[in-house]
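Visitor:
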Amino acid sequence: MANTATNGMNKKTKNLRRRARVGETLIQGLLFLSGVFSIFTTIGIVYELGKEALLFFQMPEMDLLQTLTSVEWKPHVGKFGIWPLVTSTLMTTVIAMSIAIPFGLSVSIYLSEYATPKMRSILKPILEVLAGIPTIVYGYFALMFMTPLLRNIFGNDVVQIYNTASAGLVMGILILPLITSMTEDSLSAVPRSLREAAYGMGATRLEVALQVVLPAALFGIAAAVIIGISRAIGETMIVAVAAGAGPNFTFNPFESAETITGHIVRISGGDLAYDSIDYNSIFALGLLLFVITLTLNMISQRIVRRFREVYE
Amino acid sequence: MKAIIPLTPSPSLRGRGEHAHEYNFNIEGRNRTGTAWRWVFQASTIVGILALIALLLNIMNGSFGYVAYEAKVDPATLAQDGIPLEEQSREQLVALLQSKLSKGAFNKLETDEPFEKRSRANVLQVVNERIVKYEIVQVWDLWASLTKSAKIKATVEKDFPGAELEFISWLTTDFITRPQSSEAITTGVRTAILGSLWTILFTILFAFPIGVGAAIYLEEYATDNRLNRIIRTNINNLAGVPSIVYGILGLAIFVRTLEPLTSGEIFGLVDPTTANGRTVLAAGLTLGLLVLPIIIINAQEAIRAVPQSLRKASYGLGATRWQTIWSHVLPNALPGILTGTILAISRAIGETAPLVVVGASTAISFDPASPFSKFTTLPIQIYQWTSRPQPEFRSVAAATILVLLMMLLSLNASAVILRNRFSKRY
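Sequence lines, in order, name chains A and B.
Using numbering that gives the first Met the number 0, read the first sequence as starting at 0 and increasing by one per residue.
Using numbering that gives the first Met the number 0, read the second sequence as starting at 0 and increasing by one per residue.
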């Protein structure tokens, strides 16, 4: 017995050299496939959206010039002016950001420069809760709280039941935690030595915050704002519930108007027939959304990378 | 450094250096400004918290309150053999339907779904809908119900003499276990809860292995070459793509191109009521694509947190790369990976837009039975009910939001427990 065991050991010793392991290679191959899967997703998005969007633009009634100049979006009667959808998207985005940027900056300055650690440990989870609530719940909130509030303040004849103002304001609340957490990260990444130096020069806390820390974190804040804008443009359920159905070329925030995302959701509810005008148009609009948000995200990432290089 | 940080002195300090006798630091004024701004920052934070409180109160406000309703047929007259309607057996209820409904209507119900296969709750619901016919005449929210209850009672007595006024919670155990129906007072979210769970099951089955695999590849195998850099950037970009774009992608790929797969055709399991690609499976896969980047990013972080010394020790004992990963890296990273996955799941459970585009059905009253069934989910129902003009459906939506939030709360609580219980500090 002992003898065979030693023999076995000897054999093993001989085989200790590196050898090809089929299992290991196979597993590595599978892991690599999972890794590149995300690239296929992107290719899938570009290919599928591009293909159907191309069909949309090749339709006989289609006129690219008219798309870019007309203010009427009625695909069924051959009117493809994209502006009503774009302006309402811009309006909700601007309203949302006019809430999210000032409040987001204030909250993050408070959290990073003023709040005690204990205060921070209470406030940050609350903001995380705000960020974790599904957007459809915000949609309900916009319709059932913000709209009645606006109608009480400005009057029922001024504010329509569905309006971009209430959707935009609630979207601002939704984006607030996103901007706050990104901004706070970049504020706390500013080295302590800068703050200490400013205090040493006799600056007050506010002067340190606004004139030393904030400028030093400017790139991080810019990145946060851009991500916020991208999020606002792509936000769907709040506008689908509260902003109204039907494209409307208007700059009045108290009127109902349909955004790009809201339009996609409305016409794709129910069974959408393949290769109809509506079907192709949602791909064209989806492609537009994808290109806009992708560009914004890439700009933001580039900014973040530059910001990191400065301090690390 | 210099170019990045424009460290300019404050206006009050600028240019005072030359004339020493003019030093005026205006400390009081600066402190006053400081205090004022401090209040502004604090107030903004409070506004954020108030928004959250307003949101929660608003939902509570819709979920409870007075309801005035009328019944076409008094349920008391439907008692059989002295047993009240609510307690009758399924067979008795079916017999009741047969006697009270026209033959055509009864057969229609039978072809929709044979009575043999229906649950008692479902039959009772049909009885309530078709024979008793409760009709809501008016609803009041919680605030009105609490502050103006006397006025409400007077209004009902005057305007709707036959109506019954009751203070109800829209969220009840019945509401959770009842299948969906077209009447606000008899509807429930059972169909939607099951739909959500089915969908999420396929999301996890699809996204978890691929996501963790990708994270292992990127953290343990990938060298710093061009392809891997592209993969990393690409994952970050995908995390920022609006969810509705994933819905459109899912519509094109899972619903249309892969219809034989998602409708169950290639398995010979086509659900006769569906027979197209708008199924639980297609929805689950679409949400899987959506949460994949989140799972990858979280799993990467968890794997990165496993100290290098563990890997070195394993290699030192002669373990291969995969042995090291499987027996040392993954067990240590698992709590982190699971926490990240739970967060991704709670994102998926709350998603609405992509599922609308993929083609959720809004009016189904039967439980999803297979991956190839039609589906609806909780957020879809909230959207659907919120969009209806009748106020009673807004209350139903509010109650559904409570169910959804409770589901998310328990998921997040389990993530926190997992993190606290298993997190190790090296």
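For every residue, glycine included, the Cβ atom is placed at its ideal position computed from N, Cα and C.
#1: Counting only beta-carbon separations shorter than 8 Å, does R18/A have a partner in chain B?
#2: With distance defined between alpha-carbon atoms, name the residue in Q137/B, S308/B, A251/B, I381/B nearest to Y68/B.
#3: When you compare the CB of N296/A with every CB in chain B, is at least one pair closer than 8 Å?
#4: Can you look up A238/B in the DSSP assignment and give me helix, strand or coil?
#5: Inspect the CB distances between the stretch 27 to 43 of chain A and the stretch 57 to 68 of chain A and report whether three or more fall short of 8 Å.
#6: If I348/B sits next to A298/B, beta carbons under 8 Å apart, how far is it from one beta carbon to the other, in whole angstroms?
#7: For S386/B, go through chain A and note every residue whose CB falls closer than 7 Å to its CB, in chain order.
#8: Looking only at its chain, what residues have a beta carbon closer than 7 Å to the beta carbon of S319/A, apart from the 5 residues adjacent to it on each side?
#9: Short of 7 Å in beta carbon distance, which residues of its chain neighbour M170/A, apart from the five on each side in sequence? Order them along the chain.
#10: Out of G33/B, S360/B, L92/B, which one is the CA nearest neighbour of F114/B?
#11: Mind checking G28/A: buried by the 16 CB within 10 Å criterion, or exposed?
#12: Under 8 Å, do V254/B and G276/B count as touching if we go by C-beta distance?
#13: Please decide whether P74/A counts as near chain B, where near means a Cβ-Cβ distance under 8 Å.
#14: Compare the C-beta of P133/A with all C-beta atoms of chain B and state if any pair is closer than 8 Å.
#15: What do you get for D173/B, buried or exposed, if any count of 16 or more other CB atoms within 10 angstroms of its CB means buried?
#16: Helix, strand or coil for I167/B? Go by DSSP, reduced to three states.
#17: Take every Cβ of the stretch 94 to 111 of chain B, pair it with every Cβ of the stretch 121 to 137 of chain B, and state whether three or more of those distances are shorter than 8 Å.
#18: Please classify R303/B as buried or exposed, where buried requires at least 16 other C-beta atoms within 10 Å of its C-beta.
#19: The beta strand (DSSP E) with Q137/B in it runs from where to where?
#20: Excluding sequence positions up to five away, which residues of its chain have a Cβ less than 8 Å from the Cβ of E206/A?
#21: Along the alpha helix (DSSP H) that carries F159/B, what are the first and last residues, could you check?
#22: Could you check whether the Cβ of Y382/B sits closer than 8 Å to any Cβ belonging to chain A?
#23: Taking all protein chains shown into account, do 16 or more other C-beta atoms lie within 10 angstroms of the C-beta of A114/A, making it buried, or fewer, making it exposed?
#24: List the residues of chain A whose Cβ lies closer than 8 Å to the Cβ of A221/B, in chain order.
#25: Looking only at its chain, what residues have a beta carbon closer than 6 Å to the beta carbon of S176/A, apart from the 5 residues adjacent to it on each side?
#26: Apart from the five residues on each side of it in sequence, which residues of its chain come closer than 7 Å, Cβ to Cβ, to L407/B?
#27: Determine the chain B residues that contact L126/A at a beta-carbon separation under 8 Å, and present them in chain order.
#28: Of all the options G199/A, I100/A, L209/A, which has the alpha carbon lying nearest to the alpha carbon of I180/A?
#29: When you check each C-beta in the stretch 196 to 217 of chain B against every C-beta of chain A, which residues fall closer than 7 Å?
#30: With L30/A and G212/B assumed to form a contact (beta carbons below 8 Å), what rounded beta-carbon distance in angstroms separates them?
#31: Is N2/A buried or exposed, if buried means 16 or more other CB atoms sit within 10 Å of its CB?
#32: Just to make sure I have the definition right: I need the residues of chain A whose C-beta is within less than 7 Å of the C-beta of F321/B. Which are they?
#33: Tell me whether E69/B sits in a helix, a strand or coil according to DSSP, three-state version.
#34: How should R393/B be labelled, buried or exposed, when 16 other C-beta atoms within 10 angstroms of its C-beta is the threshold for buried?
#35: Could you check whether the Cβ of T32/B sits closer than 8 Å to any Cβ belonging to chain A?
#36: Rounded to whole angstroms, what is the Cα-Cα separation between R225/B and I252/B?
Guide: In short, the structure shows the following:
#1: no
#2: The candidate whose alpha carbon is nearest that of Y68/B is Q137/B.
#3: Yes, N296/A lies at the interface with chain B (some Cβ there is under 8 Å from its Cβ).
#4: helix
#5: Result no; under three Cβ-Cβ pairs closer than 8 Å.
#6: So it is not a contact: roughly 19 Å between Cβ atoms.
#7: V240
#8: Since the first residue of chain A shown is 0 and the last is 311, residue 319/A is not available in this structure.
#9: T91, A95, A231, E234, I237
#10: L92/B
#11: exposed
#12: yes
#13: no
#14: Yes, P133/A lies at the interface with chain B (some Cβ there is under 8 Å from its Cβ).
#15: exposed
#16: Secondary structure of I167/B (DSSP, three-state): strand.
#17: yes
#18: exposed
#19: 133 to 138
#20: A197
#21: Careful: F159/B lies outside any alpha helix (DSSP H) and carries neither H nor E.
#22: yes
#23: Burial call: buried.
#24: G34
#25: Sequence inspection shows Pro at residue 176/A; the Ser mentioned does not correspond to that position. These residues qualify, in order along the chain: L126, L129, A130.
#26: S345, I348, G349
#27: G47
#28: Position check: residue 180/A holds Ser in this sequence, whereas Ile was assumed. Closest option to S180/A, Cα to Cα, is I100/A.
#29: I209, G212, A213, I215, Y216, L217
#30: 5 Å
#31: Confidence in N2/A is poor, its pLDDT being 47 and thus under 50, which makes the residue's placement too unreliable to answer from.
#32: The residue asked about is misnamed: residue 321/B is Trp in this sequence, not Phe. E23, I26, listed in chain order.
#33: strand
#34: Buried, because 16 or more other Cβ atoms sit within 10 Å of the Cβ of R393/B.
#35: yes
#36: 28 Å
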